[in-house]
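Trainee: Numbering (the working numbering), first residue to last: 132 to 525. Quick reminder that beta carbons are idealized off the backbone N, C-alpha and C, glycines included. Here's a structure for you.
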Ligand code: FEO
């Protein structure tokens, strides 16, 4: 994709990665992604906001050449992660007068990660500004969205916020701005769930901080720009602040059908009691979908057979992931089956220390579930429905 003008003197110069399917060797990218970089020309100075993933650095360099950029004064690195910083060394090589503008913490990280020489940096404090002549960059420290060094850049005269990962979405699209709201909402929620949710309370503070600014355009470093900022601000507010909903997420594995039978029974019992259930077979599920479901859920019920005295390894993986993502859950339970004994419940409980949840009575069946097991599942469904009602989860 060639450079695209956003406003006179402000250009999108990033790269679209249509074919990438995995991030951090962990996160599925069903819709690819983009690495957005923005060039801002002031009457006296020129700034580049973030760069691109090193695999696409030539696209960025070509875009700058295409625009005839002869010099860059500032390369603003809002975030040290390599999908935005990875092309900084090549930009510095091509533009030898350019300085990298960072938070003090980001400076140390970029020296560690990319071996950028110390003399190439300018560090900025919270709310500090740099003038480009007729345009002013203001830097807003916003740690933990989603690393400790992150900041946002606000272009005062144009009322544009460049928040890097914050408000972003992994979405490859030719749309410069959000045009398919449903698609972007889904991608942005997936992004929030996987990247931002572990820092929910800090996200709340950063959302409050952003409220002080008049914003006409949010230009994140992944996915399309928000020319109707209230769309994404409202969505983030809801994800970060809302109470959980009357939803059970049920990730499970079944090897020979016993656990699946219990899962099917419990799903039906919960639905009869007015509880929404989202069921995920971990053998085939996209973990991004699971993460998204966790944003709103009040309860998780994990379904597992017993394998070598513990939970099935796929279930252990999902439990560790949920523990890391720190969703705002209130209740958890475990259902499943065993052949001759085991410690699946104890082992799973030990894998989720970050989740401040009440554990509801697990239901474990010896072999295929029988009448007593189905009764226990009915009791579990009743307990969940009552707990949700007591807490006022709609
Ligand atoms: Fe898009 Fe945290 O990097």
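Mapping DSSP to helix, strand and coil, what is residue 376?
Mentor: The sequence position of residue 376 within the chain shown is 245, counting from 1. Residue 376 falls in the strand class under three-state DSSP.
Trainee: Would you say the region 167-186 touches the region 196-209, given that touching needs at least three Cβ pairs under 8 Å?
Mentor: Yes: at least three Cβ pairs fall under 8 Å.
Trainee: Is there at least one non-hydrogen atom of the ligand FEO closer than 6 Å to the beta-carbon of residue 212?
Mentor: If you number the chain shown from 1, residue 212 lands on position 81. Under cutoff, so the answer is yes.
Trainee: Determine, using beta-carbon pairs with one atom in the region 486-493 and one in the region 457-468, whether at least three such pairs fall under 8 Å.
Mentor: Counting Cβ pairs under 8 Å, three or more are found: they touch.
Trainee: Tell me which residues share the same chain as residue 419 and place their Cβ nearer than 8 Å to its Cβ, disregarding the 5 neighbours each side in the sequence.
Mentor: Residue mapping note: residue 419 aligns to position 288 of the chain shown, counting from 1. Closer than 8 Å at the Cβ level, and outside the excluded window around residue 419, lie 158, 159, 161, 321, 324, 325.
Trainee: Hey, could you find the ends of the alpha helix (DSSP H) residue 308 is sitting in?
Mentor: Taking the first residue of the chain shown as position 1, residue 308 is located at position 177. Where residue 308 is concerned, there is no enclosing alpha helix (DSSP H), given that its DSSP letter is neither H nor E.
Trainee: Restricting to Cα atoms, I'd like to know which of 194, 195, 200, 213 is closest to residue 186.
Mentor: On the chain shown, residue 186 is found 55 positions in, with the first residue counted as 1. Nearest option by C-alpha distance: 213.
Trainee: Can you give the Cα-Cα distance for residue 292 and residue 341, rounded to whole angstroms?
Mentor: The residue labelled residue 292 in the question sits at position 161 within the chain shown. The residue labelled residue 341 in the question sits at position 210 within the chain shown. For residue 292 and residue 341, the distance between alpha carbons rounds to 9 Å.
Trainee: Beta carbon of residue 296: closer than 6 Å to some heavy atom of the ligand FEO?
Mentor: In the chain shown, the residue the question calls residue 296 occupies position 165. Yes, since a heavy atom of the ligand FEO falls inside the 6 Å radius drawn around the Cβ of residue 296.
Trainee: Applying the criterion that 16 or more other CB atoms from any shown protein chain within 10 Å of the CB defines a buried residue, is residue 374 buried or exposed?
Mentor: The residue labelled residue 374 in the question sits at position 243 within the chain shown. Classification of residue 374: exposed, given that the 10 Å Cβ count is below 16.
Trainee: Report the CB separation of residue 382 from residue 449 in whole angstroms; it is logged as a contact under 8 Å.
Mentor: Taking the chain shown and counting its residues from 1, one reaches residue 382 at position 251. Taking the chain shown and counting its residues from 1, one reaches residue 449 at position 318. With 8 Å as the limit, residue 382 and residue 449 qualify as a contact, their Cβ atoms being about 5 Å apart.
Trainee: Could you spell out the range, first to last residue, of the beta strand (DSSP E) harbouring residue 282?
Mentor: What you label residue 282 is simply residue 151 of the chain shown in a count that begins at 1. Start and end: 282-286.
Trainee: Taking 6 Å as the limit between beta carbons, can you name the residues of its chain near residue 275, skipping five residues before and five after?
Mentor: As a first step, residue 275 must be located in the chain shown, where it is residue number 144. Once the five neighbours on either side are set aside, the close Cβ partners of residue 275 are 330, 333.
Trainee: So, residue 389 versus residue 499, is the Cβ gap smaller than 7 Å?
Mentor: Residue 389 sits at position 258 when you count from the first residue of the chain shown. Residue 499 sits at position 368 when you count from the first residue of the chain shown. Cβ distance < 7 Å, so residue 389 and residue 499 count as in contact.
Trainee: Express the C-alpha separation of residue 372 and residue 427 in angstroms, rounding to a whole number.
Mentor: As a working note, residue 427 is residue 296 in the chain shown. As a working note, residue 372 is residue 241 in the chain shown. In a straight line, the C-alpha of residue 427 is about 11 Å away from that of residue 372.
Trainee: Is residue 341 near the ligand COA, in the sense that its beta carbon is under 6 Å from a heavy atom of that ligand?
Mentor: Looking for the ligand COA in the displayed structure turns up nothing; the ligands present are the ligand FEO.
Trainee: Measure the Cβ-Cβ separation of residue 209 and residue 295 and say whether it is below 7 Å.
Mentor: Locating residue 209 in the chain shown gives position 78, counting from the first residue. Locating residue 295 in the chain shown gives position 164, counting from the first residue. Going by C-beta atoms, residue 209 is nearer than 7 Å to residue 295.
Trainee: Can the beta-carbon of residue 151 be found less than 7 Å from the beta-carbon of residue 163?
Mentor: As a first step, residue 151 must be located in the chain shown, where it is residue number 20. As a first step, residue 163 must be located in the chain shown, where it is residue number 32. Yes, they are a contact pair.
Trainee: Does the beta-carbon distance from residue 182 to residue 222 come in below 7 Å?
Mentor: Along the chain shown, one-based indexing puts residue 182 at 51. Along the chain shown, one-based indexing puts residue 222 at 91. Yes, these two residues count as a Cβ contact at 7 Å.
Trainee: Using beta-carbon positions only, say whether residue 166 and residue 184 come within less than 7 Å of one another.
Mentor: The residue given as residue 166 occupies position 35 in the chain shown. The residue given as residue 184 occupies position 53 in the chain shown. Closer than 7 Å, so yes.
Trainee: Is the separation between the beta-carbon of residue 268 and that of residue 284 shorter than 7 Å?
Mentor: Taking the first residue of the chain shown as 1, we reach residue 268 at position 137. Taking the first residue of the chain shown as 1, we reach residue 284 at position 153. Yes, they are a contact pair.
Trainee: Please report how far the alpha carbon of residue 479 lies from the alpha carbon of residue 155, in whole angstroms.
Mentor: Within the chain shown, numbered from 1, the residue matching residue 479 stands at position 348. Within the chain shown, numbered from 1, the residue matching residue 155 stands at position 24. Going from the Cα of residue 479 to the Cα of residue 155 covers about 25 Å.
Trainee: If we call anything under 7 Å between Cβ atoms a contact, is residue 516 one with residue 404?
Mentor: Counted from its first residue, the chain shown places residue 516 at position 385. Counted from its first residue, the chain shown places residue 404 at position 273. Yes, these two residues count as a Cβ contact at 7 Å.
Trainee: According to DSSP, simplified to helix, strand and coil, what is residue 367?
Mentor: Locating residue 367 in the chain shown gives position 236, counting from the first residue. Residue state, collapsed to three classes: helix.
Trainee: Candidates 247, 521, 349, 355: which alpha carbon is nearest residue 286's?
Mentor: The residue labelled residue 286 in the question sits at position 155 within the chain shown. Nearest of 247, 521, 349, 355 to residue 286, Cα basis: 349.
Trainee: Report the residue ranges of all alpha helix (DSSP H) runs contained in full by the region 314-373; include only those spanning at least 4 residues, in chain order.
Mentor: Within the region 314-373, the complete alpha helix (DSSP H) runs of at least 4 residues are 331-341, 360-372.
Trainee: Quick check on the DSSP output: the alpha helix (DSSP H) that includes residue 215 runs from which residue to which?
Mentor: Sequence index remark: in the chain shown, residue 215 carries index 84 (1-based). 213-216 is the span of the alpha helix (DSSP H), which, as asked, contains residue 215.
Trainee: For residue 247, which residues from the same chain have a beta carbon less than 8 Å from its beta carbon, with the 5 sequence-adjacent residues on both sides left out?
Mentor: Taking the first residue of the chain shown as 1, we reach residue 247 at position 116. Here the set comprises 219, 220, 223, 231, 241.
Trainee: With DSSP run on the structure shown, which of helix, strand or coil describes residue 226?
Mentor: Walking along the chain shown from the start, residue 226 turns up at place 95. Coil.
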